[in-house]
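*Asks:* First residue of the first sequence: 4, per the numbering used here; consecutive thereafter. Can you read through this structure? Questions will come right after.
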Amino acid sequence: MDRSYDPQAVETRAQAYWDAHGSFRADDEAGEKFYCLSMFAYPSGQMHMGHVRCYTLGDVIARYQRLKGRNVLQPVGWDAFGLPAENAAIKNQVPPAQWTHANIDAMRAQFKRLGFALDWSREFATCDPEYYRWEQWMFTRLFEKGLVERKTTVVNWDPVDQTVLANEQVENGRGWRSGALIERREMPQWTLKITDYAEELLAELDRMDGWPEQVRAMQRNWIGRSEGVEIEFDVRGPGVDAGERLAVYTTRPDTFLGCTYVAVAAEHPLARQVAARDEAVAAFRERCKAVRAAEADVATLEKEGVATDLVAIHPLTGAELPVWIANFVLMEYGSGAVMSVPGHDERDWEFARKYDLPIVQVIAPAEGSDATCDVETGAFTEKGVLVHSGAFDGLSSAQAFDAIADALEAQGRGRRRVNFRLRDWGVSRQRYWGCPIPMIHCADCGPVPVPEADLPVVLPTDVKFEGVASPLKTDAYAEWRRASCPKCGGAAERETDTFDTFMESSWYYARFPCADNDAAMLDGRAKAWTPVDHYVGGIEHAVLHLLYSRFYHKVLRDEGLVDSDEPFTRLLLLGMVLKDGRKMSKSAGNIVSPNELVEAHGADAVRTFMMFAAPPDQTVEWSDSGVEGSVRFLKRLWNQVHESVSAGAVPAVDPAALTAAQKELRRKAHETLAKADDDYGRRLAFNTVVSAVMELSNEIGRFEDDSEAGRAVVREALELAVLVLSPIAPHVCHELWFALGHETPLVEARWPAVDPAALERDAVELVVQVNGKVRARVEV
RNA sequence: GCCCGGGUGGCGAAACUGGUAGACGCAGGAGACUUAAAAUCUCCAGCCGCAAGGCGUGCGGGUUCGAGUCCCGCCCCGGGUACCA
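Written out as C-alpha cells, the structure reads:
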C-alpha cells in the first residue's frame, strides 16, 4: 500500500474497480431483495449540497444493506420536465430539451465522481418519449375507467403575457416577467380523482410504521377527514328562483342555532348573480381577483366581505339570515359557502365584530369544566352544553350533533356527510416542457383519448420560444395540433396542455426495475422489486409528491401492474443543507460547490463530513473546515493501517489470553461494531457511526503494545473500523480492506457478528446522586 | 392564518428508555518535533469565581427523589400550504 493517503488516486482506482466488475448492477434473480432509492434529481445543471446529502444517505443505506447480505437495487434517473428549462429557453433562446440533456450529462459526471453505488444501467429521464408514453397510456386507461374528470379550478392569470403563472412566479401580486397585476381565473383542467382513494390513503397511514410519525401526521391533516352535516338553506331575494338552495358543510351542527349569517366565496354562483346588478358586490369580487391562488395568501388576508340583498332561511328557526360574500371562504373547499356562528368560531367572530353582525351564545362550558365563556370578548370554540337553542337546550355537543342532524334530515334540509380537505389532483399545466396530455378535442364527440396505437404523443423538441407562452399554443404548431377524432374521424384539435411534473415522479420508482421494456409500462420485475424498501429524499416532499405517489401506486395496483398497497416501506426525509444559518442560494452568495470540495478533499471526506455534521433528518450546517477534519481522520486511519501492516503478520486473537488493556481495546472495537449496526439499521444515525469510529481510532492511537497479541488486537480493531466506515467512505475503505490482506473486495464482504465475550466488563462505575446532583462515584 | 419540525459551549453536535449534560469534531490555547513553516503528535478548554462553590440545554410555569428528555403557556427560526421540484 501507499505510504500516504492520496484521495484522488484512491478514488479513481476504487471507481475503476467497481466499474470494471459491474459491482452495482443489480441482479434481478438473486436473494433477498432490497430496493433503495433516493428521490431523483431535477437536472438544473449543477449538483448542489442537497443532492450530495440525499444521495450519500441513500448510498450509505444501500451499502450497509449489501454488507448485511441483501441483493440491493439502487437506480438513478432524472426528473427532467419542469419550469426552469422553459425559463432558460425564454432567457437564452435554448430549446428546453437541449438545455436539459446538457444538464443531465454534466450532473451525471458529478454524481459519478462521488462514488455512489448506483446501477447506471437502468438510468432514464422522464422527458424520454419511451418513459412518458406509458404515463400517457395509463392516463387514457384511467379516463376509460372514470378516474379522470374535467373540472374548473382557479389559476393565476397574467393578463399581459396571456399565460398562467405558477405561484412562485407571482411576486407581490404581479407577474414576475410582465409586472402586470395577476388575476385569479377559473380554467377547465384535467383532474385525477385522488379523493376516490381518500379513505384508503388515510387508513393506511396508521399501518405505515416505516414512516416518520410527523410525516404521517402531515398527510393525515392534509387529507383532513371530517364528519359533519351538509345543510341546505332556502335563499330569498331579488332574482332568486323559488326553491333555490344554498348548501353549507359544518363539523359543528351543535352550534347551528347560533348561526347569524351565511358567507359565500367570491367565486360562488350566488355571488356572481348578485354582482350582475350590484356595483359594490361587483367591485368587491374584482378586488378578490387580485389575490394569488395560493392558500397561504388567502388565509393571511385581512378578512373582508360585502353584504348582499339575499337572505338565507334558517331551516330550524325560520329566521332570515343575511348572506355575505367573504374573501376567506374558499370555493375549492366544501361547497364554497359557510354558515357563520360568531359566538363559537374565531374567524366568524372577527368578521361579525368588523361588520357589526349579531353574536349569540349557544354553547356553555360543560359542568365541571374550568373554561369560561363570554362571547362579547371572544369566541368560545370548545364543546359543551347547548343553551339558547330551544328544544336542544341541555344537550351535550355530542348529543346535539345527532339531534340536530336528525332534525335536518327529517326535514330534507340536511344529511350527515364525511368531508375531506383533500381536493382532486389537477394535472393540466398550460406549459410546453412537460408530457403532452393524450387527448383530442372533437366538436361533436367532446374530449377523446388518443388510441393506444397512436401513442406516444411526442413533444416536439426543436422549438423556439417567441414569447413566454407555450410554443404548442402558437401558430407555428397549428399543424401539430391538427388531428382527426378517433371516434368520428372528423377534424379535431390536440390538447396543448401538458401534465403536472408530479405525474412523472409518481411512478418512476416502479419503472426502474423494467426500464428496458418497450412493450409494456411495467412487468414482473416491477412486481418483484417494489415496494421500495427504503426511500430517501427532502422533507419538502412530505405531502405532495409522497401523497400523489401513494395514490398512483394504488391505481397501478388496481390495474394489476404492482401487487403491493404502498410504494415506500421505509422513509427517510432529510433536512436542508444550510450555510451560515441560511439556505444556500445565488442571492445569498453562499453556494458551496460540491465539485470544488471533491477536487480539494476527495469524495470520501466530503461524504464523511456530510454524514458526520448532523443526523439525517435535521437541517445541517455546512462547514468547509469541518471537511478538513474529515480528511485528517481518514488520513489517520490510513496511517494506522499502514503502520499495522508494515509491522508484519499477526496471529489470530486469542480472547482468553489478553491483558486488561488488550481486552479494553477489543471491547471498544466490538462495541463500535454493535453500535454501528444499530445506528445504520434501526436509528439511521449515521453521524454517530462516524464519531464511534473516530473514538475507536483514537483508542487505537493511544494503545501502545508491540506484542504479537497486542498487534493482533489492533489489526482486528482496524478491520472492524474499515468495514464499519465503508458505507460512508467507500473508496478509502475499499483500498484499506485489500491492504489488510483480504483477497475479495469489501463490497462482497459480510457484516461480522459481535463477539459477546468481548463486550464483558470487569468493573463498572456507579454514580451516587442526592437530589439529582452527583455526589460520589464508586468503582464496582 | 393553518399543518409539521427545530432551538444544548465560540461553532456543528452527543446524551437512544426520565438517571454523570457537552462524547466526537471544528475553531482556539499551550507544548513536542523542525533552522523555520507546513504536516503530525501530546495536553487544555461550558460560564462565573483566586478558591470553596455557584449557574447552566430559547423564555415562563408545572410534574418528579431526579427533567435537555414528560405536561401547560409563550418567543424565535425552518419546511409545507395543492402551478418550484
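The beta-carbon is built from N, C-alpha and C at its ideal position, and this holds for glycine as well. Just so it is clear, the structure is predicted and the values come from calculations on it, not from any experiment.
Give me the residue from Y38, R610, E768 and E335 with the minimum Cα distance to N74.
*Replies:* For the purposes of this step, residue 74 is taken as residue 71 along the first sequence, with counting starting at 1. Looking at the Cα atoms, Y38 is the closest of the given residues.
*Asks:* Run through DSSP, which three-state label would Y435 get?
*Replies:* As a position in the first sequence, residue 435 is number 432, starting the count at 1. Correct three-state label for Y435: coil.
*Asks:* Just how far apart, CA to CA, sit M110 and G629?
*Replies:* Stepping through the first sequence from its first residue, residue 110 is reached at position 107. Stepping through the first sequence from its first residue, residue 629 is reached at position 626. Between M110 and G629, the C-alpha separation is close to 25 Å.
*Asks:* Would you call the stretch 322-339 in contact with the stretch 265-276, where contact means no fewer than 3 C-beta pairs closer than 8 Å?
*Replies:* Yes, they touch.
*Asks:* Which of helix, strand or coil does DSSP assign to E203?
*Replies:* Position 200 of the first sequence, counted from the first residue, corresponds to residue 203. Helix at E203.
*Asks:* Taking 8 Å as the cut-off, does the stretch 630-650 touch the stretch 51-68 (at least 3 CB pairs, one atom from each stretch)?
*Replies:* Counting Cβ pairs under 8 Å, fewer than three are found: no touch.
*Asks:* Between the Cα of G417 and the Cα atoms of V97, H556, E233 and R180, which residue gives the shortest distance?
*Replies:* Translated into positions along the first sequence, residue 417 becomes position 414. That would be E233, whose Cα lies nearest to the Cα of G417.
*Asks:* Near T198, which residues of its chain fall below 8 Å by C-beta distance, leaving aside the five closest residues on each side in sequence?
*Replies:* As a first step, residue 198 must be located in the first sequence, where it is residue number 195. Counting only Cβ-Cβ distances below 8 Å, and skipping sequence neighbours, we find F423, L425, R426 and D427.
*Asks:* May I ask you to check if the CB of A394 is nearer than 7 Å to at least one heavy atom of the ligand ATP?
*Replies:* This structure lacks the ligand ATP; in fact it carries no ligand of any kind.
*Asks:* Quick check on E711: buried or exposed, where buried means 16 or more other Cβ atoms within 10 Å of its Cβ?
*Replies:* Along the first sequence, read from residue 1 onward, the residue named residue 711 stands at position 708. Exposed, because fewer than 16 other Cβ atoms sit within 10 Å of the Cβ of E711.
*Asks:* Going by DSSP, what residues sit across from K154 in a beta bridge?
*Replies:* Sequence index remark: in the first sequence, residue 154 carries index 151 (1-based). The partner list for K154 (beta bridge, DSSP) reads Q192.
*Asks:* By the DSSP assignment, the alpha helix (DSSP H) with Y512 in it spans what residues?
*Replies:* As a first step, residue 512 is located in the first sequence; it is residue number 509 there, counting from the start. Start and end: Y511 to R514.
*Asks:* Measuring CA to CA, which of D31, Y134 and L600 is closest to A83?
*Replies:* Taking the first residue of the first sequence as position 1, residue 83 is located at position 80. Measuring from the Cα of A83, the nearest candidate turns out to be Y134.
*Asks:* Going by DSSP, which residues form a beta bridge with H537?
*Replies:* Stepping through the first sequence from its first residue, residue 537 is reached at position 534. DSSP, once it has assigned bridges, lists C39 and R573 as partnering H537.
*Asks:* Going by DSSP, what residues sit across from T166 in a beta bridge?
*Replies:* Mapped onto the first sequence, residue 166 falls at position 163. Beta-bridge pairing links T166 to D161.
*Asks:* By a C-beta neighbour count over all protein chains shown, 10 Å radius and 16 as the cutoff for buried, is G387 buried or exposed?
*Replies:* Taking the first sequence and counting its residues from 1, one reaches residue 387 at position 384. Buried.
*Asks:* Applying the criterion that 16 or more other CB atoms from any shown protein chain within 10 Å of the CB defines a buried residue, is V565 buried or exposed?
*Replies:* For the purposes of this step, residue 565 is taken as the residue at position 562 of the first sequence. Buried.
*Asks:* Would you check if the distance between the CB atom of P325 and the CB atom of Y252 is smaller than 8 Å?
*Replies:* Numbered from its first residue, the first sequence carries residue 325 at position 322. Numbered from its first residue, the first sequence carries residue 252 at position 249. Not a contact, by the Cβ cut-off of 8 Å.
*Asks:* Smallest Cα separation from A513: which of E738, Y538, E496 and S229?
*Replies:* Here residue 513 refers to the residue found at position 510 of the first sequence. Among E738, Y538, E496 and S229, the Cα nearest to that of A513 is on Y538.
*Asks:* Would you mind reading off the limits of the alpha helix (DSSP H) that contains C291?
*Replies:* As a first step, residue 291 must be located in the first sequence, where it is residue number 288. Segment E282 to C291, the alpha helix (DSSP H) holding C291.
*Asks:* Per DSSP, which residues does L525 bridge with? Please list them.
*Replies:* Start at 1 with the first residue of the first sequence, and residue 525 comes out as number 522. L525 is not bridged to any residue.
*Asks:* Answer with buried or exposed for L687, where buried requires no fewer than 16 other C-beta atoms within 10 angstroms of its C-beta.
*Replies:* The residue you call residue 687 lines up with position 684 of the first sequence. So L687 ends up on the buried side.
*Asks:* What are the start and end residues of the alpha helix (DSSP H) that includes G632?
*Replies:* Counting from 1 along the first sequence, the entry for residue 632 is found at position 629. Per DSSP, G632 belongs to the alpha helix (DSSP H) from D627 to S649.
*Asks:* Have a look at the DSSP bridge pairing and note the partners of T501.
*Replies:* Within the first sequence, numbered from 1, the residue matching residue 501 stands at position 498. DSSP, once it has assigned bridges, lists R432 and P439 as partnering T501.
*Asks:* DSSP beta-bridge partners for Y683?
*Replies:* As a working mapping, residue 683 is identified with position 680 in the first sequence. The partner list for Y683 (beta bridge, DSSP) is empty, contrary to what the question assumes.
*Asks:* Any chance you could list the alpha helix (DSSP H) runs of at least 4 consecutive residues sitting entirely within the stretch 286-332, in chain order?
*Replies:* Counting whole runs of 4 or more residues, the stretch 286-332 contains the alpha helix (DSSP H) stretches 298-302.
*Asks:* May I ask you to list the residues that DSSP assigns as paired with V727?
*Replies:* Here residue 727 is taken as the residue at index 724 of the first sequence, counted from 1. Note: V727 sits in no beta bridge, so no partner.
*Asks:* Given this structure, state the Cα-to-Cα distance separating T611 from V580, to the nearest angstrom.
*Replies:* What you label residue 611 is simply residue 608 of the first sequence in a count that begins at 1. What you label residue 580 is simply residue 577 of the first sequence in a count that begins at 1. Each residue's alpha carbon lies about 15 Å from the other.
*Asks:* Pull the bridge partners of C445 from the DSSP assignment, please.
*Replies:* Numbered from its first residue, the first sequence carries residue 445 at position 442. Answer by DSSP bridge pairing, in chain order: G449 and A495.
*Asks:* Give a yes or no on contact between the stretch 149-164 and the stretch 177-195, applying the rule of three or more CB pairs nearer than 8 Å.
*Replies:* As far as the Cβ criterion goes, the stretch 149-164 touches the stretch 177-195, which means the pair count is three or higher.
*Asks:* Taking the beta carbon of T303 as the centre, do at least 16 other beta carbons fall within 10 Å, making it buried, or is it exposed?
*Replies:* For the purposes of this step, residue 303 is taken as residue 300 along the first sequence, with counting starting at 1. Classification of T303: exposed, given that the 10 Å Cβ count is below 16.
*Asks:* Nearest to L767 by alpha carbon, out of V757, R573 and R780?
*Replies:* Residue numbering aside, residue 767 sits at position 764 when the first sequence is read from its first letter. Inspection of the sequence shows that residue 767 is occupied by Val rather than by Leu. With distances taken between Cα atoms, V767 lies closest to R780.
*Asks:* Counting only the same chain and skipping the five closest in sequence on each side, list residues whose C-beta sits under 6 Å from that of R778.
*Replies:* As a first step, residue 778 is located in the first sequence; it is residue number 775 there, counting from the start. Hits under 6 Å: V771.
*Asks:* Please name the residue, chosen from G493, T464 and F404, that lies closest to W3 on a Cα-to-Cα basis.
*Replies:* Limits of the chain in this structure are 4 at one end and 783 at the other, which puts residue 3 out of reach.
*Asks:* Sort out for me which residues DSSP pairs F799 with in a bridge.
*Replies:* There is simply no residue 799 to check, as the chain begins at 4 and stops at 783 in what is shown.
*Asks:* Quick one: is A403 buried, meaning 16 or more other Cβ sit within 10 Å of its Cβ, or exposed?
*Replies:* Taking the first residue of the first sequence as position 1, residue 403 is located at position 400. Under this definition A403 is a buried residue.
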